[in-house]
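> Encoded as structure tokens, here's the structure I'll be asking about.
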Amino acid sequence: MDNLKTTEATIDKNSSGLTPSHVWKNCLTKIKENVTLMTYNTWFLPIRPVDIKDSTLKVQLPSQFFWEWIDEHYSSLIHKVLGEIIGPGAKLAYVISDDAASIDESFSADSEKSRAVSRVIKVEQKKANGFDSHLNPRYRFDNFIKGEGNELARAAAGAISDNPGGTSFNPFFVYGGVGLGKTHLIQAIGNSILENFADKKVIYLSSDSFTVEFVESIQSNKINEFSSFYRSMDVLIIDDIQFLIGKEKTQDLFFHIFNTLHQSRKQIILSSDKAPKDLKGLDERLISRFQWGLQADIQPPAFETRIAILKKKTEDYGMTISPEIIEYIAYHITSNIRELEGCLIKLLANASLNSKEITLDLAKKIVREVATERKSNLTVSIDDITKVVCGHLSVPENKVREKTRKKEVVLARQICMYLSSKLTKSSLKTIGLHFGGRDHSTVIHACSTIEQALSSDIIVQELVGNLKSKIELSSS
Ligand code: ADP
Ligand code: MG
9 MDNLKTTEAT
19 IDKNSSGLTP
29 SHVWKNCLTK
39 IKENVTLMTY
49 NTWFLPIRPV
59 DIKDSTLKVQ
69 LPSQFFWEWI
79 DEHYSSLIHK
89 VLGEIIGPGA
99 KLAYVISDDA
109 ASIDESFSAD
119 SEKSRAVSRV
129 IKVEQKKANG
139 FDSHLNPRYR
149 FDNFIKGEGN
159 ELARAAAGAI
169 SDNPGGTSFN
179 PFFVYGGVGL
189 GKTHLIQAIG
199 NSILENFADK
209 KVIYLSSDSF
219 TVEFVESIQS
229 NKINEFSSFY
239 RSMDVLIIDD
249 IQFLIGKEKT
259 QDLFFHIFNT
269 LHQSRKQIIL
279 SSDKAPKDLK
289 GLDERLISRF
299 QWGLQADIQP
309 PAFETRIAIL
319 KKKTEDYGMT
329 ISPEIIEYIA
339 YHITSNIREL
349 EGCLIKLLAN
359 ASLNSKEITL
369 DLAKKIVREV
379 ATERKSNLTV
389 SIDDITKVVC
399 GHLSVPENKV
409 REKTRKKEVV
419 LARQICMYLS
429 SKLTKSSLKT
439 IGLHFGGRDH
449 STVIHACSTI
459 EQALSSDIIV
469 QELVGNLKSK
479 IELSSS
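Counting from 1 along the sequence shown, just add 8 to a position and that's the residue number in my numbering.
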């Protein structure tokens, strides 16, 4: 028995003398301390260690879905733990298979999955070379479903990745609502360029990260380094450019980087929630440049596309779901692909956690949950509330911000304060500041006045109820 153990250990030992199972077992002990038991059982226990080579632990996962979920939610935990156990430079590679014998094959076979694996490793290597593109390897063209809503954007994205900087689609400006695939598409361009042109410098980041880096570079006196780093890119991909609104200094620097890159025919790719012309508050010079190349919008997917997306994702996640359930989800979740995915993930988590079958009843419950989450995720601002309340009560907005003590203005102001305290995360102090710099005790007084009226006055109940739904609608 002892002999056998030694042989096994020699076979799968790497140069540092660690066996994959030993390493993974130590990782599990640490992971267990950091997650709930439910998470541990659902997402970590099914992972099997396979190999360890040059500080890279290779593990086997039951499905692509597992990888995506873990990568999205626990990658920093895993990397921290791996670093503690294997040492600096530790990495995780994965294979997807439910058959251990096929693992080596799946690395060399030209299957979809092995390609996914080699991509992960390729991108990891990029990082090892000292340059991190910040691209998520899971965003690819081959798992981006085409539909009427994204046809133009998808076609242009393909052309750009074949010939970055060389088409007239420069800049390429993708816009549309949340969860419709903007980030997926623009990162897929980046990943595809890296695959086709290994020497191109591609960088992806959100306009928020760009701003944060810019501010840090000012603080550390490194603006020139910051600026020349971005000017040296072949492909600059900036997500959610609308967040540059109100940040004049960052806009100014971005304007210059944009010009340098554009003049030297480097590819610029941008995304936003609105078309350039609707980005109110953004520097006009930027708006006009954003219109130089191609603007392509992404519209919500039609029913058939939603079905196609759900089918593809259930396959990727290794799930089996009846067509009836797929149709149910596609019928009820209409305007957001992230929510379609969210439903599948919840279904899978629920089913695997409770060893339950995926039934229509379970699907119904989960669709309801997703809808409820959507409501609670609404981000309403004090200004949105003020606009709706004042519009409804025909009180000019500036009046509620002034000292006026007219009866109807006082009522509007108090309702605004009350709803702001209920529907936003703002502190009472902030709310007070929005309404003519009043202090927090005024806000408390307003809230209790409205609460009292709500408990006794049916007209106020109706009014506040109507306003609430109007506000929710206006921000959805
Ligand atoms: P956005 O950036 O527009 O808010 P994302 O790109 O983050 O949206 O997309 C939300 C989720 O939906 C992502 O997980 C993405 O992979 C998925 N997704 C979006 N569009 C598609 C599509 N056409 N095919 C497959 N998956 C998609
Ligand atoms: Mg996005």
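Positions of the beta carbon are idealized from the N, C-alpha and C atoms, including for glycine.
Mapping DSSP to helix, strand and coil, what is Ala163?
Reduced to three states, the DSSP call for Ala163 is helix.
> For Val103, which beta-bridge partners are listed by DSSP?
According to DSSP, Val103 bridges with Gln68.
> Short of 6 Å in beta carbon distance, which residues of its chain neighbour Asn229, apart from the five on each side in sequence? Order them along the chain.
There are no such residues.
> Assuming His270 contacts Asn199 (C-beta within less than 8 Å), just tell me the rounded distance between them.
That belief does not hold up - the Cβ atoms of His270 and Asn199 are roughly 23 Å apart, past 8 Å.
> At a threshold of 7 Å, does Lys282 count as lining ligand 2 (C-beta to nearest heavy atom)?
For ligand 2, not one heavy atom lies less than 7 Å from the Cβ of Lys282.
> According to the Cβ coordinates, are Leu302 and Gln259 closer than 8 Å?
In this structure, Gln259 does not lie closer than 8 Å to Leu302 by Cβ.
> By DSSP, does Phe205 sit in helix, in strand, or in coil?
Coil, per DSSP.
> Got a sec, what are the start and stop residues for the alpha helix (DSSP H) Arg293 sits in?
Residues Glu292 to Phe298.
> For Gly289, which residues from the same chain have a beta carbon less than 7 Å from its beta carbon, with the 5 sequence-adjacent residues on both sides left out?
Closer than 7 Å at the Cβ level, and outside the excluded window around Gly289, lie Ile253 and Gly254.
> Measure the C-alpha to C-alpha separation of Phe152 and Glu92 and round it to an integer number of angstroms.
Distance between the alpha carbons of Phe152 and Glu92: 36 Å.
> Considering only residues of the same chain and omitting the five flanking positions on each side of Thr175, which have a CB-CB separation below 7 Å?
Result list for Thr175: Ala167 and Ile168, in chain order.
> When you compare only the Cα positions, how much space is there between Phe181 and Phe234?
In a straight line, the C-alpha of Phe181 is about 23 Å away from that of Phe234.
> Shortest alpha-carbon distance to Lys319 belongs to which of Leu188, Leu213 and Ala338?
Comparing Cα positions, the closest option is Ala338.
> Whose C-alpha, out of Ala357, Glu80 and Ile211, is nearest the C-alpha of Asp140?
Measuring from the Cα of Asp140, the nearest candidate turns out to be Ile211.
> Say the cut is 7 Å; is the CB of Lys190 nearer than that to a heavy atom of ligand 2?
Lys190: yes, Cβ under 7 Å from ligand 2.
> Would you kindly report the start and end of the unbroken beta strand (DSSP E) that includes Phe443?
Element bounds for Phe443: n/a, residue is neither H nor E.
> Quick one: is Phe74 buried, meaning 16 or more other Cβ sit within 10 Å of its Cβ, or exposed?
When all chains shown are included, Phe74 counts as buried.
> Bridge partners of Gly184, per DSSP?
According to DSSP, Gly184 bridges with Ile306.
> With 16 as the cutoff for other CB atoms within 10 Å, does Leu26 come out buried or exposed?
Looking at its Cβ environment, which holds 16 or more other Cβ atoms inside 10 Å, Leu26 is buried.
> What does DSSP give as the partner residue(s) for Asp248 in the beta ladder?
None; Asp248 has no bridge partner.
> Measuring only the C-alpha atoms, how far is Phe115 from Val103?
Unreliable placement is indicated for Phe115, whose pLDDT of 32 sits below 50; the coordinate value is still reported in the next sentence. In a straight line, the C-alpha of Phe115 is about 8 Å away from that of Val103.
> Restricting to Cα atoms, I'd like to know which of Ile78, Leu475 and Gly187 is closest to Leu401.
Per the Cα distances, Leu475.
> Below 8 Å, can you find three or more Cβ-Cβ pairs linking the segment 402-409 to the segment 449-460?
Short answer: they don't touch.
> Between the Cα of Asp369 and those of Ser330, Gly185, Leu427 and Arg297, spot the shortest distance and give me the residue it belongs to.
Nearest C-alpha to Asp369: Ser330.
> In whole angstroms, what is the alpha-carbon distance linking Asn144 and Leu65?
Answer to the nearest angstrom: the Cα atoms are 19 Å apart.
> So does Gly326 have its beta carbon nearer than 7 Å to some heavy atom of ligand 1?
Outside the cutoff, so no.
> Are Asp79 and Arg146 touching if we call contact CB-CB under 8 Å?
Yes, they are a contact pair.
> What residue range does the beta strand (DSSP E) around Val388 cover?
Where Val388 is concerned, there is no enclosing beta strand (DSSP E), given that its DSSP letter is neither H nor E.
> Examine the Cβ distances between the segment 348-358 and the segment 320-328 and report whether three or more of them are shorter than 8 Å.
They touch, by the three-pair rule.
> How many Å lie between Phe263 and Asp286 at the Cα?
The straight-line gap from Cα to Cα measures roughly 18 Å.
> Got a sec, what are the start and stop residues for the alpha helix (DSSP H) Arg413 sits in?
It is not in any alpha helix (DSSP H) - Arg413 carries neither H nor E in the DSSP assignment.
> Which residue or residues does DSSP assign as beta-bridge partners of Lys61?
Answer by DSSP bridge pairing, in chain order: Thr64.
> Rounded to whole angstroms, what is the Cα-Cα separation between Leu352 and Ile345?
Rounded to the nearest angstrom, the two C-alpha atoms are 11 Å apart.
> Can you find a heavy atom of ligand 1 that lies under 7 Å from the Cβ of Asn151?
Yes.
> My output table needs one value for Ile479: the three-state DSSP class, helix, strand or coil.
In this structure, Ile479 counts as helix in the three-state DSSP scheme.
> Over the uninterrupted alpha helix (DSSP H) stretch that includes Leu31, give me the two end residues.
Going by the sequence as given, residue 31 is Val instead of Leu. Pro28 to Asn42 is the extent of the alpha helix (DSSP H) around Val31.
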